[in-house]
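Residue numbers (this note's numbering): 31 to 267.
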């Protein structure tokens with residue numbers, strides 16, 4: 031979810047748009063499976079003023095969406111990698127799905143030259159990230175006092191997004207599944223699977239830009255066949 035509007039926003043999404051989006055996705059799934067070398071990823075739908083009913087339909091269909099005004103009412107303006115480095119620079123961060131294990135202090139993490147490279151993969155493309163991004167674990171009860179302070183501060187400034195029903199379960203889910211991600215241009219994560227059985231994920235972009243490349247698992251449960259280039263079904267920034 032984004033913090034601000036942009037010119038590519040669909041201001042209101044009604045049922046026909048959802049149906050057409052779903053049909054386009056199904057056509058793209060078939061095309062991607064039959065001709066992966068020729069397939070061009072779909073653009074993720076960008077919308078604002080999303081209703082709870084519309085979000086429920088999208089979630090049930092398993093369709094990704096970028097909610098342009100998703101941080102409505104939050105107090106996270108001004109949260110950047112640089113401000114968090116200044117205030118919480120001694121806290122540790124880990125390389126995120128980079129094929130390597132690396133852990134260092136946040137204030138040392140965003141140096142591009144010393145950040146580990148993601149190993150070459152058969153399925154990589156020109157759009158694949160070359161350097162690791164970093165994440166800070168805030169799930170449960172953080173171990174350090176400074177990290178607990180950061181989590182409390184974050185929870186004071188965010189809430190259940192307006193398009194998701196407010197309930198004790200949803201509030202608990204957010205407070206117990208927090209992670210912060212940091213990176214620089216060209217950094218990112220290797221292809222991986224996020225398995226969610228009892229809830230869901232959303233990502234809130236506080237600052238900068240992020241490219242998303244998404245695809246469902248193959249029918250046999252794998253991400254990509256051996257010696258085959260991985261092709262995203264969806265792509266967006």
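Ideal Cβ placement from N, Cα and C applies to all residues, glycine included.
Nearest by alpha-carbon distance to residue i: which of the options is it?
i: residue 98; options: 67, 234, 259; result: 234
i: residue 251; options: 225, 236, 240, 243; result: 225
i: residue 121; options: 101, 241, 165; result: 165
i: residue 128; options: 220, 52, 145; result: 220
i: residue 202; options: 62, 169, 245, 87; result: 169
i: residue 163; options: 184, 151, 178, 141; result: 141
i: residue 214; options: 110, 185, 178; result: 110
i: residue 87; options: 50, 66, 67, 115; result: 50
Assuming residue i and residue j form a contact by the criterion Cβ under 8 Å, report the distance between their Cβ atoms to the nearest whole angstrom.
i: residue 147; j: residue 161; result: 6 Å
i: residue 191; j: residue 236; result: That pair is no contact at about 14 Å.
i: residue 52; j: residue 91; result: 5 Å
State the start and end residues of the unbroken alpha helix (DSSP H) segment that holds residue i.
i: residue 185; result: 175-187
i: residue 127; result: Element bounds for residue 127: n/a, residue is neither H nor E.
i: residue 165; result: Element bounds for residue 165: not the alpha helix (DSSP H) but the beta strand (DSSP E), 161-167.
i: residue 91; result: 82-91
i: residue 199; result: 198-206
i: residue 117; result: 111-118
Got a sec? Which residues, its chain only, sit under 7 Å from residue i by beta carbon, not counting five neighbours each side?
i: residue 118; result: 136, 176, 180
So, are the CB atoms of residue i and residue j less than 8 Å apart?
i: residue 212; j: residue 139; result: yes
i: residue 155; j: residue 259; result: yes
i: residue 261; j: residue 69; result: yes
i: residue 159; j: residue 217; result: yes
i: residue 264; j: residue 94; result: yes
i: residue 80; j: residue 55; result: no
i: residue 96; j: residue 76; result: yes
i: residue 108; j: residue 189; result: no
i: residue 113; j: residue 187; result: no
Which first and last residues belong to the beta strand (DSSP E) in which residue i is found?
i: residue 133; result: 133-135
i: residue 96; result: 95-97
i: residue 265; result: 264-266
i: residue 75; result: 75-77
i: residue 248; result: Taken as a continuous stretch (DSSP letters only), residue 248 belongs to no beta strand (DSSP E), as it is neither H nor E.
i: residue 67; result: It is not in any beta strand (DSSP E) - residue 67 carries neither H nor E in the DSSP assignment.
i: residue 209; result: 209-212
i: residue 244; result: 242-244
Ignore the nearest five residues each way along the sequence and tell me which others in residue i's own chain have a CB closer than 8 Å to its CB.
i: residue 195; result: 82
i: residue 247; result: 223, 253
i: residue 144; result: 138
Say yes only if the C-beta of residue i is nearer than 7 Å to one or more non-hydrogen atoms of the ligand NAD, and no if none qualify.
i: residue 237; result: You won't find the ligand NAD in this model; it holds no ligand whatsoever.
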